[in-house]
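Per the numbering used here: the sequence shown = residues 2 to 301.
Here's the structure, in structure tokens; my notes come after.
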Amino acid sequence: MKQIRLRAAAKINLYLEILGVRPDDYHELVMVLQSIDLSDTLTLTSIPGHQIRLICPHPLVPVDRTNLAVRAAELLQQSMGIDRGVEIALKKRIPVAAGLAGGSTDAAAVLAGLNVLWDLGLTQKELRTLGASLGSDVPFCVMGGTALATGRGEVLTPQPPLENLHLVLAKPADLQVSTAWAYRTYRQDHLAPGTVVERSRTNALLAAVASQDPARIAASLHNDLERAVLPAHPEVAHLRERLIEAGALAAMMSGSGPSVFGLARDLDHAGAIHAALAADPHLETFVCTTQPTGVRLEKD
Ligand SMILES: C[C@](O)(CO)[C@H](O)COP(=O)(O)OP(=O)(O)OC[C@H]1O[C@@H](n2ccc(N)nc2=O)[C@H](O)[C@@H]1O
Ligand SMILES: Nc1ncnc2c1ncn2[C@@H]1O[C@H](COP(=O)(O)OP(=O)(O)OP(=O)(O)O)[C@@H](O)[C@H]1O
2 MKQIRLRAAA KINLYLEILG VRPDDYHELV MVLQSIDLSD TLTLTSIPGH
52 QIRLICPHPL VPVDRTNLAV RAAELLQQSM GIDRGVEIAL KKRIPVAAGL
102 AGGSTDAAAV LAGLNVLWDL GLTQKELRTL GASLGSDVPF CVMGGTALAT
152 GRGEVLTPQP PLENLHLVLA KPADLQVSTA WAYRTYRQDH LAPGTVVERS
202 RTNALLAAVA SQDPARIAAS LHNDLERAVL PAHPEVAHLR ERLIEAGALA
252 AMMSGSGPSV FGLARDLDHA GAIHAALAAD PHLETFVCTT QPTGVRLEKD
């Protein structure tokens with residue numbers, strides 16, 4: 002095989018709780034992660050030699066070795082002793098630095114795609130383990146669907162798929178938030194020695210997810226990182242309010258933001274919420290639906 006095309010799905014965090022700081026300086030987390038049908042497309046083509054070449058015209062996406070997609074290919078070359086080259090053409094639709102795991106899902110797609118293109122025979126579990134060395138969100142992006150994530154986000158327990166939950170995703174067009182900054186800010190302000198961590202309410206959210214009832218899910222959303230990001234970026238707090246005013250069942254920031262999602266009862270309801278925001282030129286907005294896969298091989 003010479004070329005394959007993949008879809009790499011974005012994720013949202015239905016739940017994100019920070020339990021403390023770990024010896025490796027990362028944060029111990031409890032999260033519920035969900036794939037949505039907003040995705041990048043990656044076309045991987047075998048090229049002569051052993052160069053890894055990335056083509057992506059998006060102004061915010063680096064095309065050098067700092068790109069997670071390139072790092073994923075390098076990791077496979079090194080760890081598997083592969084002496085082959087690849088060109089990665091990336092069509093970016095997922096907003097960058099938006100709390101939607103855009104870079105992580107591209108890396109997951111490259112791992113899964115090269116596993117096929119280079120005939121490596123790695124299992125999904127092996128790809129997840131490799132992915133964890135690239136970033137905390139990468140293992141989930143390899144697995145996709147609905148999952149409970151613990152540790153620094155890489156320890157995954159799959160959950161029954163959450164079918165057809167419709168939502169509106171909105172992001173201030175010109176705002177990017179650094180994940181490292183969000184965790185650092187949270188830690189300075191909310192994890193001082195002696196802080197008592199709120200008891201986990203993950204079980205309520207997981208039960209709500211199992212019920213597939215949008216109103217129950219809406220009542221159990223939680224994201225600790227809002228406490229770091231919203232005070233520094235009032236426009237994100239305002240966007241959350243606008244989603245509620247437009248009729249969303251609940252609205253919350255995804256990951257380290259600044260994307261915010263509002264839950265809808267059904268697709269028509271999502272369309273109505275979207276209509277209230279879509280004309281604002283300062284926003285990027287999407288109607289999205291939950292999906293059971295992260296990375297998917299595209300048929301030509
Ligand atoms: C915010 C989330 O997207 C929620 O799913 C993730 O927790 C972050 O996932 P990610 O971007 O893949 O994270 P990584 O690339 O591993 O780490 C980026 C930065 O976030 C901080 N980080 C990340 C994960 C974690 N459990 N604790 C942390 O403190 C670290 O400062 C790290 O330098
Ligand atoms: N393939 C990629 N796509 C987008 N950004 C990338 C990629 N590879 C590296 N980056 C860099 O990573 C930074 C974070 O972008 P990304 O879209 O992955 O953030 P994010 O969605 O907030 O991540 P997460 O939700 O996993 O924390 C960007 O500012 C960019 O410089």
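Quick reminder that beta carbons are idealized off the backbone N, C-alpha and C, glycines included.
- For Val169 and Leu250, the gap between their C-alpha atoms comes out near 11 Å.
- Spanning the alpha carbons of Ala247 and Ile218 requires a straight line of approximately 18 Å.
- Annotation for Asn14: the continuous beta strand (DSSP E) segment containing it runs 4–22.
- Remark: the shortest separation between the CB of Gln35 and any heavy atom of ligand 2 does not fall under 8 Å.
- Between the beta-carbon of Pro259 and that of Ala99 there is about 7 Å, and that keeps the pair under the 8 Å contact cut.
- Of the other Cβ atoms in all chains shown, fewer than 16 fall within 10 Å of the Cβ of Ser212; this residue is therefore exposed.
- Here Thr291 is near Thr147, since their CB atoms are less than 9 Å apart.
- Distances taken from the Cβ of Thr67 to the heavy atoms of ligand 1 include none shorter than 8 Å.
- At least one heavy atom of ligand 2 falls within 8 Å of the beta-carbon of Leu101.
- Just measuring C-alpha positions, the residue of Ala238, Arg6, Asp281 sitting nearest Asp107 is Arg6.
- Secondary structure note for Asp107: its alpha helix (DSSP H) is the uninterrupted segment 103–118.
- Relative to ligand 2, the beta carbon of Val22 is positioned no closer than 8 Å to any heavy atom.
- A contact is defined here as three or more CB-CB pairs under 8 Å, and the region 160–178 meets this definition with respect to the region 35–42.
- Relative to ligand 1, Asp26 has its C-beta within less than 8 Å of a heavy atom.
- Within the DSSP secondary-structure output, Val31 pairs in a beta bridge with Glu18.
- As computed with DSSP, His167 is found in a beta bridge with Thr290.
- Residue environment: Ile56 is assigned as exposed (fewer than 16 neighbouring CB atoms within 10 Å of its CB, all protein chains considered).
- Per DSSP, the unbroken beta strand (DSSP E) holding Lys92 starts and ends at 86–92.
- For a cut-off of 8 Å, the C-beta gap from Ala73 to Leu135 is around 6 Å, short enough to register as a contact.
- One alpha carbon belongs to Gly114, the other to Phe287, and they sit about 27 Å apart.
- Between His234 and Val178, the C-beta gap is smaller than 9 Å, which places the two residues in contact.
- In this structure, Gly50 is the residue among Ile89, Ala109, Ala110, Gly50 with its C-alpha nearest to the C-alpha of Ile83.
- Its Cα nearest to that of Tyr187, the residue Pro232 stands out among Ala209, Pro232, Pro161.
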